[in-house]
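Enquirer:
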Amino acid sequence: MSNKTKRGIEILIIGIILFISIIPLIHADDTGVGQDIKRRRNKIAE
Numbered sequence: 004m005s006n007k008t009k010r011g012i013e014i015l016i017i018g019i020i021l022f023i024s025i026i027p028l029i030h031a032d033d034t035g036v037g038q039d040i041k042r043r044r045n046k047i048a049e
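Heads up, the sequence shown is in the working numbering, so the first residue is 4 and it goes up one at a time.
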């Protein structure tokens, strides 16, 4: 395996890890965390 392919695989793995960690942030509204943040914002708005 050449160094280029090794580096490519490392970048791919890092990209997948970042992608997986970003998905929950995008869907945070569906989770309790997202609702909790919304509630806090509503309280501040009042």
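Glycine residues also receive a C-beta, built at the ideal position from the N, C-alpha and C atoms.
Per DSSP, what kind of secondary structure is residue 5 in: helix, strand or coil?
Expert: Residue mapping note: residue 5 aligns to position 2 of the sequence shown, counting from 1. Correct three-state label for residue 5: coil.
Enquirer: Between residue 45 and the rest of its own chain, which residues show a CB-CB distance below 6 Å, the 5 nearest in sequence each way excluded?
Expert: Here the question's residue 45 lines up with position 42 in the sequence shown. The answer is none, since no qualifying residue turns up.
Enquirer: Distance check for residue 6 and residue 12, CA to CA, integer angstroms please.
Expert: Along the sequence shown, read from residue 1 onward, the residue named residue 12 stands at position 9. Along the sequence shown, read from residue 1 onward, the residue named residue 6 stands at position 3. Whole-angstrom Cα-Cα distance: 10 Å.
Enquirer: State the Cα-Cα distance for the pair residue 51 and residue 19, rounded to the nearest angstrom.
Expert: There is no way to answer for residue 51, as the model of the chain reaches only from 4 to 49.
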